[in-house]
DNA sequence: TTATATTCATACCGAACGGTAAATAAATAA
DNA sequence: TTATTTATTTACCGTTCGGTATGAATATAA
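Below you can see the structure in the form of structure tokens.
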């Protein structure tokens, strides 16, 4: 792997590439890797399981994506760029209250989507782990923190725009919402149904700061 | 290991045991094992790390506690019987509201206790894992579910005793509280301070059902 | 002292781990 | 056709995994 990493090439070559063509589609392979990592976590996923799931031999995986860590990151990028797009959309809602509403109900539906693993990959990808996985663990922590910061900024904006009382502490409120979000992920991973998750959201949303 | 497992003997022998005495105290060893499992999870903890932490060689660990799974369960029993005792105490509070208050503030303080690992072992012990750890994973799920059931029963009692409105859905409320509890565990594991956790609790507690 | 019971230390087991060397297969370029 | 480039297959690397056989060490009982 060097700077001309295939997965990051933005312009497609005009002529056909020279050697033997790839026997698989990278995006589809990443989607399958994502599903495995999402289900069993970084540490709980073995290269052997990945070769089975992707239907690709190990050397081909390493040639295409790098090592296990790099593969996880690329699967994670696919996660944040795909299924979780609704989070970014929710931030654009007209009011803070609506942002949170879309965020949590979206999470309830997403976490219980039967076509994907339950819960949130960023929460359960590497919550605890051995030393060899601590880099990934820290990266996921940073991701969660980033989400919280974004939410906090959205609340600050809402205070400026007048749809959130001035006395509200944006950071604390963001952490509270993030806490519920992450707790819902645990619940979904542990088998909570969509209806149960939506009931949690309904209770949580009653707790919105009044002026 | 057979039915006369030393760690479960209820009556101490009157005479001194015959062979070479144990070179360590079982309770202290279990406490150290608990700390390691609590920090790194079931899957993230290796027998090598345990031998280092306990200062005991592997064969002695296996003789005293059984295999890794059995050791985890005994450490877990030490956890539920020790540090987490405040949960059971909170259930005895005079009102449902006070129960939840003690539960969540107790959790905030416990999860951020500097003398123990951050977060809740039952949440982060095996949230996701490979196939070889799924037995433990399911046991922890059952533990969390049990907590939720207990909380729900406490709310039912409160409805009988009149300190919780009749229209409240006890199961849903219990799941909501459990969700916050588990979310706080994630937060603590990810580095949230005691003050931040207490701020979350304060916000959450504003959301108590009125009659 | 000797026999017996129990624990401890060393050294090892097969299996699974992440990762790779080397040869073969399949495409384009000349 | 031949040379070149890239991907795939097979077989393997050293390390770590959970778990254990074996013999030495340390206690009590006789």
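Chains as they are written, first to last, in my numbering: chain Y, 105 to 315; chain V, 105 to 315.
C-beta: ideal position from N, C-alpha, C; glycine also.
Note that the structure is predicted; figures quoted are calculated from it, not measured.
Simplified DSSP state of residue 107/Y, which is helix, strand or coil: Since pLDDT at residue 107/Y reaches only 38, below the 50 mark, its modelled position is unreliable, and no value is offered.
Contacts that residue 147/V makes with chain Y (C-beta to C-beta distance below 7 Å): Ordered by position in chain Y, the residues that pass the 7 Å Cβ test against residue 147/V are 147, 148.
Helix, strand or coil at residue 250/Y according to DSSP, with G and I counted as helix: Three-state result, residue 250/Y: helix.
Residue 144/V versus residue 247/V: straight-line alpha-carbon distance, rounded: So the alpha carbons of these two residues sit roughly 19 Å apart.
Span separating the alpha-carbon of residue 227/V from that of residue 121/Y: Residue 227/V and residue 121/Y have their C-alpha atoms roughly 49 Å apart.
Proximity test, Cβ basis, 8 Å: residue 248/V and chain Y: Output row for residue 248/V: interface = yes.
N- and C-terminal bounds of the alpha helix (DSSP H) containing residue 236/V: No residue range can be given for residue 236/V, since it is assigned to no alpha helix (DSSP H) and is classified by DSSP as neither H nor E.
Buried or exposed by the 16-neighbour rule on C-beta atoms within 10 Å, applied to residue 241/Y: Under this definition residue 241/Y is a buried residue.
Per-residue DSSP class, three states only, for residue 275/V: Of the three classes helix, strand and coil, the one that applies to residue 275/V here is helix, per DSSP.
Local Cβ density within 10 Å of residue 211/Y, reported as buried at 16 or more and exposed below that: By the neighbour-count rule (16 or more Cβ atoms within 10 Å), residue 211/Y is buried.
Residue interval of the alpha helix (DSSP H) (run including residue 164/V): Residue range 162–169 is occupied by the alpha helix (DSSP H) that includes residue 164/V.
Endpoints, alpha helix (DSSP H) assigned at residue 298/V: Unbroken alpha helix (DSSP H) run through residue 298/V: 298–309.
Contact with chain Y by residue 240/V, beta-carbon distance below 8 Å: Taking Cβ atoms only, chain Y never reaches closer than 8 Å to residue 240/V, which makes this a no.
Residue 230/Y vs residue 173/Y beta-carbon contact at 8 Å: Not in contact: residue 230/Y and residue 173/Y (Cβ atoms no closer than 8 Å).
Local conformation of residue 126/Y per DSSP, three classes: DSSP, read as helix, strand or coil, puts residue 126/Y in coil.
Neighbouring residues, chain V, relative to residue 144/Y (Cβ below 7 Å): Correct list: 232, 233, 234.
Spatial neighbours of residue 205/Y in its chain, beta-carbon cut-off 7 Å, leaving aside the 5 residues before and after: If we look at residue 205/Y and ignore the five residues flanking it on each side, its Cβ neighbours are 309.
Under 7 Å from the C-beta of residue 304/V: neighbouring residues of chain Y: Among the residues of chain Y, those whose CB is under 7 Å from the CB of residue 304/V are 279, 280, 283, following chain order.
Chain Y contact for residue 204/V (CB, 8 Å cutoff): Residue 204/V does not count as touching chain Y.
CB contact below 8 Å: residue 270/V versus chain Y: It does not: the Cβ of residue 270/V has no partner Cβ on chain Y nearer than 8 Å.
Nearest neighbour of residue 235/Y, chosen from 152/V, 130/V, 288/V, 175/V [CA to CA]: That would be 152/V, whose Cα lies nearest to the Cα of residue 235/Y.
Counted within 10 angstroms of its Cβ, other Cβ atoms place residue 112/V as buried (16 or more) or exposed: In this prediction, residue 112/V scores a pLDDT of 45, lower than 50, which makes its location untrustworthy; the coordinate-derived value is nonetheless stated afterwards. Exposed, by the Cβ-count rule.
Own chain, CB closer than 7 Å to residue 298/Y, minus 5 neighbours either side, in chain order: Within the same chain, 212, 213, 216 come within 7 Å of residue 298/Y by CB-CB distance, once the 5 residues on both sides are set aside.
Segment limits, alpha helix (DSSP H) that includes residue 185/V: Segment 172–185, the alpha helix (DSSP H) holding residue 185/V.
Within chain Y, the residues that residue 311/V reaches when beta carbons sit closer than 8 Å: Below the 8 Å Cβ cutoff, chain Y contributes 307, 308, 310, 311 as neighbours of residue 311/V, in chain order.
Chain V residues whose Cβ lies nearer than 8 Å to that of residue 294/Y: In chain order: 245, 248, 249.
Of the residues 156/V, 127/V, 249/V, 244/V, the one placed nearest residue 281/V, counting alpha carbons only: Residue 249/V is the option with its Cα nearest to residue 281/V.
Residue environment, residue 200/V, which counts as buried when at least 16 other CB atoms sit within 10 Å: By the 10 Å Cβ count, residue 200/V comes out buried.
Spatial neighbours of residue 295/Y in its chain, beta-carbon cut-off 8 Å, leaving aside the 5 residues before and after: Counting only residues of its own chain and dropping the five nearest sequence neighbours on each side, residue 295/Y has a CB closer than 8 Å to the CB of 222.
Residues from the stretch 186–214 of chain Y in contact with chain V, defined by Cβ distance under 7 Å: Within the stretch 186–214 of chain Y, no residue has a Cβ that lies closer than 7 Å to any Cβ of chain V.
Chain-ordered chain V contacts of residue 300/Y [CB-CB under 7 Å]: The contacting residues are 279.
Given 8 Å, three or more beta-carbon pairs between the stretch 122–132 of chain Y and the stretch 160–169 of chain Y: Verdict: yes, contact present.
Residue 138/Y versus 190/Y, 219/Y, 276/Y, 207/Y, residue with shortest Cα-Cα distance: Looking at the Cα atoms, 219/Y is the closest of the given residues.
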